[in-house]
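Inspection log for the structure reproduced underneath, given as C-alpha cells.
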Amino acid sequence: MSSPLIIENKIKDYNKTITVSGDKSISIRWVLFSSLANGISIAKNLLISEDVIAALKAIGKLGIKSEIKKNQCKIFGKGLDGYKYKKNITIDAKNSGTLGRLILGLLINTNNPIKLIGDKSLSKRDFDRISTPLSKFGAKFKLKGRKNLPLTIYGTKNLKHIKYYEKKGSAQCKSSIIFAGMRTKGTTILKAKKSRNHTELLCKYLNLPIKIKTKKNFDIIKIQKAKKISSLNYNIPSDISSSSFFIVLTSLLRNSKLIIKNVNINPSRTGIIKILKKMGVKIKFLNRKIYKGEKIADIHVKSVKSIKPIKCPSKLNSSAIDEFLVIFLVAAKANGTSYFTNLSELNQKESPRLKWGYKILREMGIETEITSNSIKIVGNPNLKINKKIVIKRYLKDHRVFMTSVIAALAYGGNWEIHDKDSIKTSFPKFLEIINQLKKWKKEKILLRLQ
Ligand code: S3P
0 MSSPLIIENK IKDYNKTITV SGDKSISIRW VLFSSLANGI SIAKNLLISE
50 DVIAALKAIG KLGIKSEIKK NQCKIFGKGL DGYKYKKNIT IDAKNSGTLG
100 RLILGLLINT NNPIKLIGDK SLSKRDFDRI STPLSKFGAK FKLKGRKNLP
150 LTIYGTKNLK HIKYYEKKGS AQCKSSIIFA GMRTKGTTIL KAKKSRNHTE
200 LLCKYLNLPI KIKTKKNFDI IKIQKAKKIS SLNYNIPSDI SSSSFFIVLT
250 SLLRNSKLII KNVNINPSRT GIIKILKKMG VKIKFLNRKI YKGEKIADIH
300 VKSVKSIKPI KCPSKLNSSA IDEFLVIFLV AAKANGTSYF TNLSELNQKE
350 SPRLKWGYKI LREMGIETEI TSNSIKIVGN PNLKINKKIV IKRYLKDHRV
400 FMTSVIAALA YGGNWEIHDK DSIKTSFPKF LEIINQLKKW KKEKILLRLQ
C-alpha cells in the first residue's frame, strides 16, 4: 500500500506548455484491433498504464504476442481467426471497464469457456449491459449475481446477427456489439444513443464493413462480418480526459496560462470544453489536424476573473462523462448555483462518482445536494479552505485521487489523499506533470509523501 499524498499549499500561477499521456480509449482499442490484424501493428505514444498492460496481457492469453520498447509497442497479429482459445483461460481486466466489456465482443466465437475477472472496483460494475446483447448473438454467460464479475463466456460458432437499441449512451456497450457484429454473418443493426465514436472511426479507417447514419440523439450503425483487418500503425494522440485535470486547475487559478499539446478533440469527447466555455473559461483549440479520422489540436487555456454557474444541458453528459468530478470543482467557484442532471451513469464508474463528487465538495465547505442522478452545487467565488481533508476508501478510483489533488492545489487546505497508486490505471505520469507546473506559494516542499 502506498503512503498518502500530503498537499498543504496552493500552487502558484504559471504559464506553461505540457504534454499529457496517450488516450486511454484509443490505446485499448488499438490493442484489440491490432490483435486481430494480419501482421505487425506498431503504436507510438501508446498509454503505458495498468489498463493498457492488462489489454496486452489479455491478448497474450489468446496467443497474440506483443512487445514494448521505449515509446513504441508492437503487436504480432495473426488475423481475425488468430486467437487460440485454449482450455481454462482466465482474462484479468483489472480495473478496466473498457477492456473487460470490449473484449467480450471479440470472444463470442470461443469454443472453450473463458473466465473474465477484475479488481474489486470492476467486480462491482454492471456486466449485464454486455451479456444481454451478446447473448442475442448466441453466446452464453454465467455471471456472479446475474450482472457482475467473475463471469464466464461460452461462445458459439453458430452466431446470429442482431438488432439492438443501446439506450445508456455507453461506448463500451456499443463497441462490444460492433466487435461481435464483425464476427457474425448477416447485418447487425445497432441503434445507439450518442457516445464516444473511436471504435467506429477505427472501423472506417480499416475499411471494415460498417455503415453509420447519424441522427440528432442517436446513430444507426450497421455492421457486417469482417473479412480481414490490415495491420494498424497508430500515433496515439494525448488524452483529453487526462488533460481535463490541468484545464480545470488553470481555470481555477488567478492568472495562469497553459498549452496542452496534441490532444484528441473528437467532438464526442469535448463535453468538458463546451461546459467550461459556457461557464466563462477561456479555451481555444489551435494547430488543428485530422489524423486517421480523429480530430487533434493544442488546447490553450487561460484563467478568468469570474466563473458563471451552469444548468448543464444533459445532452452534453456522454461527451463529458469522465470529467464531471473536475467540472464540479469549477462549479464550486462559480458566482451562483449550478445544476447537473440525468447523471445516474456517473455512479456506475470505477467508484460511485456522483456520491464522491458530493463528498469532496461537502468536505471543501461547499453547499451541495444530490439525488440518485443529479447534483446541485452552490458556488462560492471566495472559497478558502483552512481545514484538514482526508480522502480515502474510494475504491482506488484514479479520477477521485486526481480530482482531490486539483482541489487541494487550487483551493488550499491541508489534504491527505490516500491510494496514490490509483493513477497507475490511467495516468501514471499525473504527479510528474503536476511537478512540471510547480512554482509553489511558499519555499518548502509542498507535495510531500508521508
Ligand atoms: C469508455 C467509455 C466510457 C468511459 C470510459 C471509457 C470507452 O464508459 O466512462 O472511461 O473507452 O469506451 P461507458 O461506455 O460505460 O459510458
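In numbering that gives the first Met the number 0, the protein residues as written are 0 to 449.
A virtual CB, placed ideally from N, CA and C, is assigned to each residue, including glycine.
Nothing here was measured: the structure is a model prediction, and the numbers come from that model.
Three-state secondary structure (DSSP) at residue i?
i	result
Asp-218	strand
Gln-435	helix
Asn-37	strand
Gly-279	coil
Ile-444	Model confidence at Ile-444 stands at a pLDDT of 43, short of 50, so the residue's coordinates are unreliable; what they give is reported in the following sentence. Note: Ile-444 maps to coil in three-state DSSP.
Pro-132	helix
Asp-297	strand
Lys-386	coil
Gly-99	helix
Phe-400	helix
Lys-348	coil
Val-377	strand
Phe-140	strand
Ala-191	strand
Leu-201	helix
Glu-7	coil
Thr-249	helix
Arg-287	strand
Tyr-393	coil
Leu-148	strand
Ile-176	helix
Ile-274	helix
Ile-452	There is no way to answer for residue 452, as the model of the chain reaches only from 0 to 449.
Leu-158	coil
I think residue i touches residue j, with their Cβ atoms under 8 Å apart; what is that distance to the nearest whole Å?
i	j	result
Phe-136	Ile-107	5 Å
Ile-384	Gly-412	3 Å
Gly-356	Phe-323	6 Å
Ser-425	Ile-416	Not quite, the Cβ-Cβ distance comes to about 16 Å (not below 8 Å), so this is no contact.
Tyr-233	Ala-42	5 Å
Lys-139	Tyr-153	4 Å
Gly-121	Leu-103	Reading the sequence as shown, one finds Leu at residue 121 and not Gly. Incorrect: roughly 13 Å between the Cβ atoms, too far for contact.
Between which residues of its own chain and residue i is the CB-CB distance below 7 Å, once the five residues before and five after are set aside?
i	result
Lys-423	Ser-48, Glu-49
Quick one: what's got a C-beta closer than 6 Å to residue i's C-beta in the same chain, skipping five residues either side?
i	result
Ser-1	Lys-419, Asp-420
Taking its Cβ as the centre, do 16 or more other Cβ atoms sit within 10 Å of residue i, making it buried, or is it exposed?
i	result
Lys-173	buried
Glu-366	exposed
Gly-117	buried
Asp-80	exposed
Gly-76	buried
Tyr-82	buried
Asn-286	exposed
Between residue i and the rest of its own chain, which residues show a CB-CB distance below 8 Å, the 5 nearest in sequence each way excluded?
i	result
Ser-242	Val-19, Ile-259, Val-262, Ile-298
Lys-387	Gly-412, Asn-413, Trp-414, Glu-415
Which ranges does the alpha helix (DSSP H) cover as unbroken runs of at least 4 residues, wholly within the stretch 16-102, from first to last along the chain? 23-34, 49-60
Taking only runs of the beta strand (DSSP E) that begin and end inside the stretch 316-370, which ones reach a length of at least 3 residues, in chain order? 336-339, 366-369
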